[in-house]
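Okay, structure first, notes after.
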Amino acid sequence: MSELGRTAVGVLEGDAARELRAAELSGIPTQTMAGRFQDLTLEQAYRIQRHGVDLRTAAGATPVGHKIGLTSLAMQQQMGVSEPDSGVLLADMAVPCGADLPMGLLLAPRVEAEIAVRIGADLSGPDVDLAAARTAVSEVFLALEVIDTRYGDWRIALVDSVADNASASRFVLGPAVAADRLPDLGDELVEVRVDGAPAASGHGRDVLGDPLLPLVWLGQRLTALGGGLSAGDLVLPGSVHASIPLRPGVTVEASSAHLPPVWFRAL
């Protein structure tokens, strides 16, 4: 990696992605992108992310949707950033509700509760708006996302998170509820307990003012790249509270008034 700064950009991006993947597989952290490449742009960081996703799909992983991070003021303040980022969810990141979640090689795991959705109709185009997002959503879940950083700690910049697939690691979904059976998700209060003790809470509106607004942001961003959100995609739109450090041996549960609870036990 000492030669990265003198190679072509495309080679740099591929090598950076391979380093991040190696850190994930080995549990040995790698150096931050911002610390090594001071002029790294968000566009380049997303290309590193794309290389990393390609490495995983080449090894057999299946994309199942997207995660959007840093969408609540609490998370932006915690991470010292002022805009969202996004990553790709893969099937091998999913952990069944109520199951044990092995922490294994995770470096600095944190957990956060979200109001997740499944898209029932394609959502793309420059004019994607909140009304279109509401119409496109078919199912809603409570979700617990375990984020992790392949840099070993959370002293990272936005480009570091983006390159690292928006810190995606694991996710747990509660039972689905049909979207048309739910009231305004902005009013939904999500409460998180760790070993039965209250640990965090937040309303759906704490995510950009409405938990479906991140879909508008993501749909427009993907459209600009020639894609979009597709029917069947799962989307984690971001945490309703600041993330909580996760340690082995605890049970984490999220609940709300209108959505079935979701929980897991960390091993």
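So the sequence shown is residues 66 to 332, counted in our numbering.
Beta carbons are placed, not taken as given, at the ideal position from N, Cα and C, and that holds for glycine.
> Which class does Glu210 belong to by DSSP, given the choice of helix, strand or coil?
Replying inline: Your numbering for residue 210 matches position 145 in the sequence shown. Note: Glu210 maps to strand in three-state DSSP.
> Under a three-way DSSP split, which group does Glu108 fall into?
Replying inline: Here residue 108 refers to the residue found at position 43 when the sequence shown is read from its first residue. Of the three classes helix, strand and coil, the one that applies to Glu108 here is helix, per DSSP.
>> Quick test of your reading: Gly251 and Asp275, contact by CB under 8 Å. State the CB separation rounded to the nearest angstrom.
In response: The residue given as residue 251 occupies position 186 in the sequence shown. The residue given as residue 275 occupies position 210 in the sequence shown. Correct: roughly 5 Å between the Cβ atoms.
> Using the C-alpha atoms, what's the distance from Ala208 back to Glu256?
Replying inline: Taking the first residue of the sequence shown as position 1, residue 256 is located at position 191. Taking the first residue of the sequence shown as position 1, residue 208 is located at position 143. Using only the alpha carbons, I get a separation of about 12 Å.
>> Judging by CA-CA distance, which residue of Arg121, Arg175 and Leu188 is the nearest neighbour of Gly265?
In response: Taking the sequence shown and counting its residues from 1, the one referred to as residue 265 is at position 200. Checking the displayed sequence, the identity of residue 265 turns out to be Ala instead of Gly. It is Arg175.
>> Cutting at 6 Å between CB atoms, please list the residues of its own chain near Arg183, excluding the five before and the five after it.
In response: Position 118 of the sequence shown, counted from the start, is the residue given in the question as residue 183. Closer than 6 Å at Cβ, skipping near neighbours: Ser203, Glu204 and Leu299.
>> Bridge partners for Gly185 per DSSP, in chain order?
In response: To locate residue 185, count along the sequence shown from 1; it is residue 120. According to DSSP, which records beta bridges pairwise, Gly185 is partnered with nothing at all.
> Are the beta-carbon atoms of Arg112 and Glu78 separated by less than 7 Å?
Replying inline: Counting from one through the sequence shown, the residue named residue 112 turns up at place 47. Counting from one through the sequence shown, the residue named residue 78 turns up at place 13. In contact: Arg112 and Glu78 (Cβ atoms closer than 7 Å).
>> Taking 6 Å as the limit between beta carbons, can you name the residues of its chain near Gly190, skipping five residues before and five after?
In response: For the purposes of this step, residue 190 is identified with residue 125 of the sequence shown, where counting begins at 1. Answer for Gly190: Thr288, listed in chain order.
> To which residues does DSSP link Leu77 through a beta bridge?
Replying inline: Position 12 of the sequence shown, counting from 1, holds the residue named residue 77. BP columns for Leu77 are empty, so no partner.
>> How far does the beta strand (DSSP E) with Arg199 in it extend, from its first residue to its last?
In response: As a first step, residue 199 is located in the sequence shown; it is residue number 134 there, counting from the start. Counting along the chain, Arg199 falls outside any beta strand (DSSP E), though it belongs to the alpha helix (DSSP H) covering Leu195 to Ala201.
>> Can you tell me whether Ser91 is buried or exposed? The criterion is at least 16 other CB atoms within 10 Å of its CB, across all chains shown.
In response: Counted from its first residue, the sequence shown places residue 91 at position 26. The residue in question, Ser91, is exposed, as its Cβ has fewer than 16 Cβ neighbours within 10 Å.
>> Taking the alpha carbon of Leu188 as the reference point, which residue from Ala331, Glu318 and Gly297 has its own alpha carbon closest?
In response: Along the sequence shown, read from residue 1 onward, the residue named residue 188 stands at position 123. Out of Ala331, Glu318 and Gly297, Gly297 has the C-alpha closest to the C-alpha of Leu188.
> From this set, Gln114, Asp104 and Ala178, which residue's C-alpha is nearest Arg235's C-alpha?
Replying inline: Here residue 235 refers to the residue found at position 170 when the sequence shown is read from its first residue. The shortest C-alpha separation from Arg235 is found at Ala178.
> If Arg330 and Ser151 are in contact, beta carbons under 8 Å, what's the gap, nearest whole angstrom?
Replying inline: By 1-based counting over the sequence shown, the position of residue 330 is 265. By 1-based counting over the sequence shown, the position of residue 151 is 86. Incorrect: roughly 29 Å between the Cβ atoms, too far for contact.
>> Pull the bridge partners of Trp328 from the DSSP assignment, please.
In response: Looking up residue 328 in the sequence shown gives position 263. Answer is Glu318.
> From Ala81 to Leu247, what does the alpha carbon distance come to, in whole angstroms?
Replying inline: Translated into the one-based positions of the sequence shown, residue 81 becomes position 16. Translated into the one-based positions of the sequence shown, residue 247 becomes position 182. Distance between the alpha carbons of Ala81 and Leu247: 43 Å.
> Taking the continuous alpha helix (DSSP H) assigned at Gly15, which residues delimit it?
Replying inline: Shown here, the chain extends from 66 to 332; a query on residue 15 therefore has no answer.
> By how many angstroms is the C-alpha of Arg215 removed from the C-alpha of Pro94?
Replying inline: As a working note, residue 94 is residue 29 in the sequence shown. As a working note, residue 215 is residue 150 in the sequence shown. When rounded, the distance between both Cα atoms is 5 Å.
> Thinking C-alpha only, which one of Leu283, Ile180 and Leu195 is nearest Gly239?
Replying inline: Here residue 239 refers to the residue found at position 174 of the sequence shown. Checking every option, the nearest Cα to that of Gly239 belongs to Ile180.
> Per DSSP, which one or two residues make a beta bridge with Ser266?
Replying inline: Your numbering for residue 266 matches position 201 in the sequence shown. Paired residue(s): Glu256.
> For the alpha helix (DSSP H) that contains Ala289, what are its first and last residues?
Replying inline: On the sequence shown, position 224 is the one that residue 289 refers to. Start and end: Leu278 to Ala289.
> When the Cα atoms are used, what is the spatial distance from Leu171 to Asp213?
Replying inline: Position 106 of the sequence shown, counted from the start, is the residue given in the question as residue 171. Position 148 of the sequence shown, counted from the start, is the residue given in the question as residue 213. Those two C-alpha atoms are separated by around 7 Å.
>> Relative to the C-alpha of Pro302, which candidate in Asp104, Asp119, Pro167 and Phe206 has its C-alpha closest?
In response: Counting from one through the sequence shown, the residue named residue 302 turns up at place 237. Ranking Asp104, Asp119, Pro167 and Phe206 by Cα distance to Pro302 puts Phe206 first.
> Out of curiosity, what's the CA-to-CA distance linking Asn230 and Ala244?
Replying inline: Taking the sequence shown and counting its residues from 1, one reaches residue 230 at position 165. Taking the sequence shown and counting its residues from 1, one reaches residue 244 at position 179. Using only the alpha carbons, I get a separation of about 28 Å.
> In this structure, does DSSP put Ile180 in helix, strand or coil?
Replying inline: Counting from one through the sequence shown, the residue named residue 180 turns up at place 115. In the structure shown, Ile180 sits in a strand (DSSP, three-state: E or B).
> From Val281, Glu210, Leu85 and Glu84, pick the residue whose C-alpha is nearest to that of Met158; which is it?
Replying inline: As a first step, residue 158 is located in the sequence shown; it is residue number 93 there, counting from the start. Met158 has its Cα closest to that of Glu210, out of Val281, Glu210, Leu85 and Glu84.
> Does the distance from the C-beta atom of Ser320 to that of Glu253 stay below 7 Å?
Replying inline: Here residue 320 refers to the residue found at position 255 of the sequence shown. Here residue 253 refers to the residue found at position 188 of the sequence shown. Cβ atoms of Ser320 and Glu253: not closer than 7 Å.
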